[in-house]
Amino acid sequence: MRVAFVNPQGNFDPNNSYLASHPDFGGQLVYVREVARALGRMGHHADILTRRVTDPEWPEFSGEDDAYPGDENVRILRVPCGPDRFLPKEELWPYLGEWAEGVAALYREEGRWPDLWTGHYADGGLCAALLEGPSGRPFTFTGHSLGAWKLDPLMEDEGGLPAADARYNFGARIGAERAAMARSAAIVSNSEAERREQYDHPAYRGAVEVRDDARFAVIPPGVDFDIFDPGARGPQEDETRENIRAAHERDIDPDRRDLPAVIAWSRLDPKKNHRALVEAFAGSGELRERANLLVITRGLDDPLREPGEAADEERPILEDLISTVDRADLWGGISAFGLSGQTALAALYRWGAETGGVFCLPAEHEPFGMTVVEAMAVGLPVVATQNGGPQETTDGGRVGLLVDPHDPEDIAAKLLRLLSDRETWKSYADRALERSHDLYNWRRTAEGYLQLAEEARRGERGGDPSFPIPDFARRPAPAELPRLRDWEARPGPRTG
Ligand code: F6P
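Read in numbering that gives the first Met the number 0, the sequence shown has 364 at position 365, and its numbers run on one by one without any break.
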């Protein structure tokens with residue numbers, strides 16, 4: 000079987016040169032790379048289709064093709080479109096029709112089509128929809144991040160919808176998502192929660208019916224066990240432990256330095272709800288006696304003492320945390336410091352597991368919650384929000400404890416269940432480790448796509464080929480991209 004990954008944005012190279020250092024080089028690229036490699040290792044063929052860029056600032060992406068060493072069944076194929084230079088994903092829209100034609104030409108030259116196109120993000124979904132016709136091969140759509148959910152909060156900002164739309168081209172993005180959702184053989188979501196909640200946005204009405212099981216396939220992503228495993232100690236292990244030790248010496252009272260830690264790692268975003276965790280410590284003397292709280296941030300060394308260093312949108316969150324820490328006098332039992340990169344994070348989790356700690360993510364809502372699964376994979380037991388993906392990843396609370404993110408007492412009680420009884424802690428750690436390794440591995444994700452290819456071939460899956468593809472994807476593209484009208488984007492009552 001040959002599976003094509005349609006991913007015009009970002010780019011791929013054997014060294015993953017820009018991963019996590021540019022917004023278009025995030026988790027989606029890891030996902031595509033790892034599913035492709037898993038397929039290759041299973042004896043299938045995978046083509047990662049992306050954009051060819053001839054730009055001295057981005058020298059890695061000028062070749063027509065590339066490969067990952069040792070993964071001979073995986074090809075990275077680059078097809079040019081529009082100007083030579085690198086373009087952020089928001090500016091690619093007028094050139095996607097040209098790009099899809101270039102992809103089709105490449106396969107025509109080879110004399111064969113892939114068996115399945117998998118479109119990633121709105122731009123990849125649109126191009127996969129464009130490629131379905133000429134090839135006669137079905138496509139799946141994996142949204143990764145849906146535009147309407149990014150737009151909702153931006154509509155409250157100054158300038159509202161027109162300003163957000165002008166900056167991010169939401170008209171094009173949501174139009175592309177709608178076409179990809181409606182026309183694809185199946186929409187791939189990471190979890191049931193993501194399916195039910197993300198696709199139920201009013202901006203997608205008429206393109207997808209969230210209750211229609213035949214339109215969806217829930218295929219969870221995998222964890223990188225080369226990094227997130229109890230035995231995967233890497234070169235950053237010692238450096239990270241040194242950072243943890245230094246943070247303890249700086250922030251934690253000497254008589255508390257051997258206590259286990261409750262570890263929180265997530266963006267400083269109101270939705271991640273750090274506040275409830277700090278409130279849990281503020282409200283429970285027993286929790287304070289049993290553990291320290293470590294708040295890990297990216298790029299901030301001492302955010303509780305120097306909140307001014309944080310980005311504008313992070314500062315109010317920190318100020319709010321600081322006022323709780325002051326009020327409850329949590330100083331000496333809390334430390335906030337920066338760690339960057341997945342290997343450092345995995346090293347932190349390993350240290351946390353060895354010292355009897357707990358990972359806690361009390362977010363308002365998590366569509367999947369990869370950090371929870373990564374902590375589980377290292378053997379660090381988890382306390383996570385009951386809203387969204389952790390319901391599934393923790394097997395309804397059986398391998399990790401679920402909390403109401405609005406209830407600090409519940410959070411404190413669940414943390415204490417793990418922290419106050421070594422056997423309970425151990426049984427949750429063991430079960431979390433086992434479940435994450437059994438279920439959340441890329442081979443299973445790859446098998447999910449293969450199954451979809453089979454179902455589409457047998458005619459059991461299919462989209463609506465009459466659903467219109469937006470005009471800007473025509474050749475030549477119209478001069479103006481579509482703009483959203485207010486009623487198209489505004490959140491309304493949910494159907495599901
Ligand atoms: O890499 C993860 C990811 O969700 C990509 O799919 C996408 O490039 C980006 O992060 C988020 O994009 P946006 O902010 O436009 O939703």
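Note that beta-carbon positions come from the ideal geometry of N, C-alpha and C, so glycine has one too. Here the structure is a predicted model, which means the values were calculated and not measured.
Straight-line gap, Asn10 to Thr423 (C-alpha atoms, nearest Å): Against the sequence shown, residue 10 aligns to sequence position 11. Against the sequence shown, residue 423 aligns to sequence position 424. Rounded to whole angstroms, Asn10 to Thr423 spans 45 Å at the Cα level.
Residues that Trp116 bridges to, as DSSP identifies them: Taking the sequence shown and counting its residues from 1, the one referred to as residue 116 is at position 117. Bridge partners of Trp116: Ala3 and Phe138.
Beta-carbon gap between Gly387 and His405 smaller than 8 Å: Here the question's residue 387 lines up with position 388 in the sequence shown. Here the question's residue 405 lines up with position 406 in the sequence shown. Going by C-beta atoms, Gly387 is not nearer than 8 Å to His405.
Beta-carbon spacing of Ala181, Val207 below 8 Å: Residue 181 sits at position 182 when you count from the first residue of the sequence shown. Residue 207 sits at position 208 when you count from the first residue of the sequence shown. Yes, Cβ-Cβ distance for Ala181 and Val207 is below 8 Å.
Contact the region 119–134 vs the region 168–176: 3+ CB pairs below 8 Å: yes
Gly221 versus Asp65: straight-line alpha-carbon distance, rounded: Working through the sequence shown from its first residue, we reach residue 221 at position 222. Working through the sequence shown from its first residue, we reach residue 65 at position 66. If I take the Cα positions, the gap works out to 24 Å.
Beta carbon of His273 nearer than 8 Å to that of Leu320: Mapped onto the sequence shown, residue 273 falls at position 274. Mapped onto the sequence shown, residue 320 falls at position 321. Yes.
Exposure label - Ala3; buried when at least 16 CB within 10 Å: Within the sequence shown, the letter at position 4 stands for residue 3. Under this definition Ala3 is a buried residue.
8 Å contact criterion, which Glu391 and Ser190 should meet: CB distance rounded: The count along the sequence shown starts at 1 and reaches residue 391 at position 392. The count along the sequence shown starts at 1 and reaches residue 190 at position 191. So it is a contact: roughly 5 Å between Cβ atoms.
Start and end residues, alpha helix (DSSP H) containing Val372: If you number the sequence shown from 1, residue 372 lands on position 373. That run of the alpha helix (DSSP H) goes Met369 to Val377.
Given 8 Å, three or more beta-carbon pairs between the region 422–441 and the region 300–310: no
Expected contact under 8 Å - CB spacing of Phe60 and Arg74 to nearest Å: Within the sequence shown, numbered from 1, the residue matching residue 60 stands at position 61. Within the sequence shown, numbered from 1, the residue matching residue 74 stands at position 75. With 8 Å as the limit, Phe60 and Arg74 do not qualify as a contact, their Cβ atoms being about 15 Å apart.
Contacting residues, own chain, Cβ-Cβ under 6 Å from Arg460 (five flanking each side not counted): Taking the first residue of the sequence shown as position 1, residue 460 is located at position 461. Closer than 6 Å at Cβ, skipping near neighbours: Ala184, Ala185 and Glu454.
Limits of the unbroken alpha helix (DSSP H) element including Ser426: As a position in the sequence shown, residue 426 is number 427, starting the count at 1. Taken as a continuous stretch (DSSP letters only), the alpha helix (DSSP H) holding Ser426 covers Arg421 to Leu438.
8 Å CB neighbourhood of Leu480 in its chain, flanking five on each side removed: Translated into positions along the sequence shown, residue 480 becomes position 481. Result list for Leu480: Trp92, Pro93, Asn168, Gly170, Ala171 and Phe471, in chain order.
Candidates Ser265, Ala275, Thr139 and Asp225, of which the one nearest Arg214 by Cα: Here residue 214 corresponds to residue number 215 of the sequence shown, with the count starting at 1. Taking only the C-alpha atoms, the option nearest Arg214 is Thr139.
Residue from Leu145, Glu157, Leu418 and Pro315 with nearest C-alpha to Asp268: Within the sequence shown, residue 268 is the residue found at index 269, counting from 1. Cα-wise, what sits closest to Asp268 is Pro315.
Same chain only: Cβ atoms within 8 Å of Val402, ignoring 5 sequence neighbours per side: Position 403 of the sequence shown, counted from the first residue, corresponds to residue 402. Closer than 8 Å at Cβ, skipping near neighbours: Pro361, Val382, Ala383, Thr384, Gln385, Asp409, Ile410 and Lys413.
Whether Val357 touches Val261 by CB criterion (8 Å): Stepping through the sequence shown from its first residue, residue 357 is reached at position 358. Stepping through the sequence shown from its first residue, residue 261 is reached at position 262. Taking 8 Å as the Cβ cut-off, Val357 and Val261 qualify as a contacting pair.
Through-space distance from Glu56 to Ala327, alpha-carbon basis: Here residue 327 refers to the residue found at position 328 of the sequence shown. Here residue 56 refers to the residue found at position 57 of the sequence shown. Answer to the nearest angstrom: the Cα atoms are 50 Å apart.
Cβ neighbour criterion (16 or more within 10 Å) applied to Ala162: If you number the sequence shown from 1, residue 162 lands on position 163. It is exposed - the Cβ of Ala162 has fewer than 16 other Cβ atoms within 10 Å.
contact_flag[the region 336–343, the region 226–244] where n(CB pairs < 8 Å) is 3 or more: yes
6 Å Cβ shell around Ala281 - same chain, five flanking residues per side excluded: Locating residue 281 in the sequence shown gives position 282, counting from the first residue. Here the set comprises Thr323 and Ala327.
Check: Gly26 C-beta below 7 Å from any heavy atom of the ligand F6P: For the purposes of this step, residue 26 is identified with residue 27 of the sequence shown, where counting begins at 1. For the ligand F6P, at least one heavy atom lies less than 7 Å from the Cβ of Gly26.
Residues that DSSP places opposite Leu292 in a beta bridge: Indexing the sequence shown from 1 puts residue 292 at position 293. Leu292 is bridged to Val261 and Ile333.
Inter-residue Cα distance where the pair is Trp441 and Asp254: Translated into the one-based positions of the sequence shown, residue 441 becomes position 442. Translated into the one-based positions of the sequence shown, residue 254 becomes position 255. Between Trp441 and Asp254, the C-alpha separation is close to 43 Å.
Cβ-based neighbour list, Val450, same chain, cut-off 7 Å, excluding 5 preceding and 5 following: As a first step, residue 450 is located in the sequence shown; it is residue number 451 there, counting from the start. The amino acid at residue 450 is misidentified as Val; the sequence shows Gln. Excluding residues within five positions, none has a Cβ falling inside 7 Å.
Ala279 beta carbon less than 8 Å from that of Pro407: Along the sequence shown, one-based indexing puts residue 407 at 408. Along the sequence shown, one-based indexing puts residue 279 at 280. For Pro407 and Ala279, yes; Cβs fall inside 8 Å.
Short Cβ contact (8 Å threshold) for Leu286 with Leu417: Translated into the one-based positions of the sequence shown, residue 286 becomes position 287. Translated into the one-based positions of the sequence shown, residue 417 becomes position 418. No, the Cβ-Cβ distance between Leu286 and Leu417 is not below 8 Å.
Member of Pro68, Phe24 and Gly233 whose CA lies at the smallest distance from the CA of Leu86: Within the sequence shown, residue 86 is the residue found at index 87, counting from 1. If we check each option's Cα against that of Leu86, Phe24 comes out closest.
Contacts around Glu97, its chain only, beta-carbon distance under 6 Å, and the 5 residues preceding and following it disregarded: Here residue 97 is taken as the residue at index 98 of the sequence shown, counted from 1. Cβ within range, chain order: Cys80.
Neighbour-count burial assignment, Gly553, 16 or more Cβ in a 10 Å radius: With the chain represented from 0 up to 495, any question about residue 553 goes unanswered, as that position is not in the structure.
Boundaries of the beta strand (DSSP E) in which Ser188 is found, first to last residue: The count along the sequence shown starts at 1 and reaches residue 188 at position 189. Run containing Ser188: Ala185 to Ser188, per the beta strand (DSSP E) assignment.
Cβ-based neighbour list, Ile295, same chain, cut-off 6 Å, excluding 5 preceding and 5 following: Here residue 295 refers to the residue found at position 296 of the sequence shown. Closer than 6 Å at Cβ, skipping near neighbours: Trp264 and Leu338.
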